Amino acid sequence: MVIDTSAILAILGDEPEREDLIEKIESAKVRLIAAPTLLECEILLHARKGPLGRAELELFIYEAEFTVVPFDKAQVHFAFLAWEQYGQGQHPANLTWGDCMAYALAKSRGEPLLFKKAGFTQTDKLFVI
């Protein structure tokens, strides 16, 4: 399974979906996060909570045993296709740059994507939880 920024922010922000998202993570045999997604989370959590936000993120990634996956050529390909097909201003899914990074990892690895953002439900739905 690949995790998106929206799921991490919901978990660390103690949003109502938190427990459901955690259960899905716990049941996943494979737990991946794209390096650009990790960076996006670090920036957003630092902006919201300061250094504590980054520390919470590091602990979460470690405890949940996520593998950080470097961004490669295959992911570049799938990220561009995602933006071209579902990107902001082009499709109701309205995927952001960051969304396209998580989508690309899921697509390139054939793994489901864990998310909170509703836009992903308007994509090809092949890899969404």
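Converting from the sequence shown to the working numbering requires adding 469 to each position, the first position being numbered 1.
Just so you know, even glycine gets a beta-carbon here, dropped at the ideal spot from N, CA and C.
Predicted, not measured: the structure shown is a model, and the values here were computed from it.
Check the C-beta distance from Val-471 over to Leu-583 and give it rounded, since I have them as a contact under 8 Å. Right, the Cβ-Cβ distance comes to about 7 Å (below 8 Å), so this counts as a contact.
Taking only the alpha-carbon atoms, compute the straight-line gap between Glu-488 and Ile-480 and give it to the nearest angstrom. Cα atoms of Glu-488 and Ile-480: separation of roughly 8 Å, rounded to the nearest angstrom.
Can you tell me which of the three DSSP states Thr-565 falls into? In the displayed model, Thr-565 falls within coil according to three-state DSSP, outside both helix and strand.
Check Asp-538 in the structure and name its three-state DSSP category. Looking at the sequence itself, residue 538 is Val, so the reference to Asp does not match. The answer is strand: DSSP assigns Val-538 an E or B state.
What do you get for Leu-526, buried or exposed, if any count of 16 or more other CB atoms within 10 angstroms of its CB means buried? Burial is judged here by how many other beta carbons sit within 10 angstroms of a residue's own beta carbon; Leu-526 has at least 16 and is buried.
Beta-bridge partners of Leu-583, as assigned by DSSP: For Leu-583, which the question treats as bridged, DSSP gives the partners Ile-472.
Euclidean distance between Cα positions of Trp-552 and Met-570: Approximately 9 Å between the Cα atoms of the pair.
For Leu-550, the nearest candidate out of Ala-476, Trp-566, Arg-523, Leu-508 (CA to CA): Taking only the C-alpha atoms, the option nearest Leu-550 is Trp-566.
Which residue wins for smallest C-alpha separation from Ala-504, given the options Lys-576, Gln-544, Ser-496? Closest option to Ala-504, Cα to Cα, is Gln-544.
Rounding to the nearest angstrom, what Cα-Cα distance links Glu-509 and Thr-474 in this structure? Rounded to whole angstroms, Glu-509 to Thr-474 spans 7 Å at the Cα level.
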